[in-house]
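The structure under discussion appears below in the form of structure tokens.
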């Protein structure tokens, strides 16, 4: 009875699903060789070892910031989830070379919309790790935080479920 009453009053929150912005192998953030990510200083999340150089939107929302160098982007979902997608480690040093932003700060995006293309092979040849953290910057706002790790995903597969 109370469940139906809760639903009728609209106080029951629906889970928020974050989908993979890249094709690749999903690993725990602790596997990222950068303490800012591995120690969750920027928030909780996952990392993807990409197999292709295309990043798409994992949510419906807005581009909060497209970094000038094109190596990273932040989004805010329609539900208020703040997401950082950071392509590779130390790739800011490439100063935008090998990255092609497809959106700009302020743009509205839908799940699957292209955000950034990057030359994965050229970046690897230069010795950069292309592991890509996907971090929920406001993860402390959610009591439920479930990650789907140790699997291979395609763009659009669920990687994080938030609730509460």
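In the numbering used here, the protein residues as written are 15 to 178.
Yeah, the Cβ is synthetic: ideal placement off N, Cα and C, and Gly gets one too.
- Judged by beta-carbon spacing, residue 176 lies within the 8 Å limit of residue 159, meaning their Cβ atoms are closer than that value.
- It is roughly 5 Å from the alpha-carbon of residue 69 to the alpha-carbon of residue 35.
- Going by DSSP, residue 76 is part of the beta strand (DSSP E) stretching over 75-80.
- The Cβ neighbour count for residue 178, taken over all protein chains shown within 10 Å, is under 16; the residue is labelled exposed.
- Just so you know, the alpha carbons of residue 77 and residue 151 end up roughly 14 Å apart.
- The beta carbons of residue 33 and residue 170 sit about 5 Å from each other, so the pair counts as a contact at 8 Å.
- Under the 8 Å Cβ criterion, the segment 46-62 does not count as touching the segment 73-89, having fewer than three qualifying pairs.
- By alpha-carbon distance to residue 119, the top candidate from 42, 112, 81 is 81.
- For residue 86, the enclosing beta strand (DSSP E) stretches over residues 86-91.
- For residue 49, the enclosing alpha helix (DSSP H) begins and ends at 49-52.
- Here residue 111 carries a coil assignment [DSSP, helix/strand/coil].
- Rounded to the nearest angstrom, the Cβ distance from residue 145 to residue 63 is 5 Å, consistent with a contact under 8 Å.
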